[in-house]
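Protein chains in written order, with our numbering: chain A, 71 to 162; chain B, 71 to 162; chain C, 71 to 162; chain D, 71 to 162.
There are 4 protein chains.
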Amino acid sequence: MHGYEEHREQHLAALRRVEGQVRGIARMVEEDKYCVDILTQVSAATRALQSVALHLLEEHLSHCVAGAVEDPTVLAEKLAEAHTAIARLVRS
Amino acid sequence: MHGYEEHREQHLAALRRVEGQVRGIARMVEEDKYCVDILTQVSAATRALQSVALHLLEEHLSHCVAGAVEDPTVLAEKLAEAHTAIARLVRS
Amino acid sequence: MHGYEEHREQHLAALRRVEGQVRGIARMVEEDKYCVDILTQVSAATRALQSVALHLLEEHLSHCVAGAVEDPTVLAEKLAEAHTAIARLVRS
Amino acid sequence: MHGYEEHREQHLAALRRVEGQVRGIARMVEEDKYCVDILTQVSAATRALQSVALHLLEEHLSHCVAGAVEDPTVLAEKLAEAHTAIARLVRS
């Protein structure tokens, strides 16, 4: 059982919205919309994806990581793994 | 005619791929995949979106902006508008 | 004459502030301050640097780029160069 | 005792380098260097600061957070606090 199960429906709803945003951006490109307006929508979709990532990460830290406290080796692994994911988010 | 028309098919293909990535992320959430693996996919989709934005911006600068050179007022407007879009990308 | 001359004093003042922020962060590390408080200051310094970059870029676009309009080859070069700088900012 | 003590000298050295980079950027502005070259240096300083932040965070997770495992309340607080710092880094 993963940390995000509790809010799974929320994550799915947020991801469906991002999917719709990306489809909307493709439609704007097809319909020759003005580039700056397309860029505004791309920034919005990027921020929405970032927000999903931060929520998943929060739950990961408070469930998977906090759930590994009995075993220092597993905990160290979980923290190292979480750090790799965080570095990727910060740099993307 | 907008700057991105020339590469419209490429942009559409890239956006379809991002849409597929986001749908894939939703599927991972539904199937209870491991959070860290989901985060990896979210980072990849974010970078892909950023890359679409940078291509659209490049074409916008070289077509719409460069196409406004005869009129200093229009050029100033286009550059101010491009700058707003850039600031949004840098901060998102 | 570069685009940023007009606001040179403002840029210098902003950069002195960032320099002070970074020195303050080093002092916090020396004095064993709490890591989360240090991270807050690092985020603030990063945003301040980003803000300097966006101001420099805005002036670059409106002076150097807009000043190259008589020569399409030079303009294309300036825009390509600006785009490289923008991509670096978006990805950093 | 904080997580970063072990690598304090490395963090201080990295921060001194960033301070030198920012001072170098101010010098470039004073000496009227070309804006695009200044932007390249700003991107480098931003990435260097980000890298310090990620190292501090890594140590924070593996010391302060991992050190709070005996007390679930404290651990939850530490994780929530770390998440706030991470969200700030991701968004800056």
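For each residue, glycine too, the CB sits at the ideal point set by N, CA and C.
### Message
Please identify, using Cβ separations under 9 Å, the residues of the segment 113 to 137 of chain D that lie next to chain C, in order along the chain.
### Response
If the cut-off is 9 Å between Cβ atoms, the segment 113 to 137 of chain D has SER113, ALA114, ALA115, THR116, ARG117, LEU119, GLN120, VAL122, ALA123, LEU126, LEU127, GLU129, HIS130, HIS133, CYS134 near chain C.
#### Entry: Per-residue contacts from C:GLU76 into chain D (C-beta, under 8 Å)
Going along chain D, no residue has its Cβ under 8 Å from C:GLU76, so there is no contact; the nearest lies around 12 Å.
### Task
Show which residues of chain B have a CB atom less than 9 Å away from the CB atom of C:HIS153.
LEU124, LEU127, GLU128, LEU131, SER132
### Query
Could you check where the alpha helix (DSSP H) with D:SER121 kicks off and where it finishes?
105 to 130
### Query
Looking at C-alpha atoms only, which residue of C:ARG78, C:GLU76, C:TYR104, C:ALA114 is the closest neighbour of C:GLY90?
Among C:ARG78, C:GLU76, C:TYR104, C:ALA114, the Cα nearest to that of C:GLY90 belongs to C:ALA114.
### Task
Can you say whether C:GLU129 is buried or exposed, counting buried as having 16 or more other CB atoms within 10 angstroms of its CB?
buried
### Query
Quick one, which of C:ARG161, C:ALA155, C:SER162, C:LEU85 has its alpha-carbon nearest D:LEU109's?
C:ALA155
### Task
Assign C:GLU101 to one of three DSSP states: helix, strand, or coil.
coil
### Message
At the level of alpha carbons, what is the spacing between A:CYS105 and C:ALA146?
### Response
18 Å
### Query
With a cut-off of 9 Å, does the C-beta of D:VAL37 fall near any C-beta of chain A?
Outside the shown range of chain D (71 to 162) lies residue 37 of chain D, about which nothing can therefore be said.
### Message
I need the straight-line Cα distance from A:VAL122 to D:HIS81, nearest angstrom please.
### Response
31 Å
#### Entry: Proximal residues of chain F, C-beta to C-beta of C:LEU82 below 9 Å
In the structure shown, chain F cannot be found, because the protein chains are A, B, C and D.
### Message
With H, G and I counted as helix, E and B as strand and the rest as coil, what does DSSP make of D:VAL139?
### Response
coil
### Query
From D:GLU100, D:ALA83, D:LEU124, pick the residue whose C-alpha is nearest to that of C:ARG86; which is it?
D:GLU100
### Query
So, is C:ALA83 buried or exposed, given that buried needs 16 or more other C-beta atoms within 10 angstroms?
Residue environment for C:ALA83: exposed (fewer than 16 other C-beta atoms within 10 angstroms of its C-beta).
### Task
Please state if the CB of A:GLY94 and the CB of A:GLN111 are separated by a distance shorter than 9 Å.
Remark: C-beta atoms of A:GLN111 and A:GLY94 approach each other more closely than 9 Å.
### Query
CA-CA distance, B:VAL139 and B:ALA152?
15 Å
### Query
C:THR143 touches chain D at which residues, Cβ-Cβ below 9 Å?
Chain D residues near C:THR143: none, gap ~17 Å exceeds 9 Å.
### Task
Measure the beta-carbon distance from A:LEU119 to B:THR116 and round it to whole angstroms, keeping in mind my assumption that it falls under 8 Å.
5 Å
### Query
Under a Cβ-count criterion, where at least 16 other Cβ atoms within 10 Å of its own Cβ denotes burial, should C:ALA96 be classed as buried or exposed?
buried
#### Entry: Separation of C:GLU79 from B:VAL135, as counted between CA atoms
29 Å
### Task
Give the single residue among A:ASP107, A:ASP141, A:ARG161, A:GLU76 whose Cα lies nearest to the Cα of B:ASP102.
A:GLU76
### Task
Measure the alpha-carbon distance for B:LEU149 versus A:LEU159 and round it to whole angstroms.
30 Å
### Task
Give the residues of chain B in contact with A:GLU60, contact being defined as C-beta atoms less than 8 Å apart.
One cannot answer for residue 60 of chain A here, as it falls past the ends of chain A, which runs 71 to 162.
#### Entry: Proximal residues to A:VAL92 (C-beta, below 8 Å), its chain only, five neighbours per side dropped
Closer than 8 Å at Cβ, skipping near neighbours: ALA115.
### Through-space distance from A:ALA157 to D:LEU127, alpha-carbon basis
For D:LEU127 and A:ALA157, the distance between alpha carbons rounds to 10 Å.
### Query
Nearest chain A C-beta to D:LEU85 closer than 9 Å, yes or no?
no
### Rounded straight-line distance, which links the Cα of C:LEU131 to that of C:HIS125
10 Å
### Message
Excluding the 5 residues flanking B:ASP107 on each side, which residues of the same chain have their C-beta closer than 8 Å to its C-beta?
### Response
MET98
#### Entry: Where C:LEU109 meets chain D, residues with beta-carbon distance less than 8 Å
Those are ALA123, LEU126, LEU127, HIS130, ALA155, ARG158, LEU159, listed as they occur along chain D.
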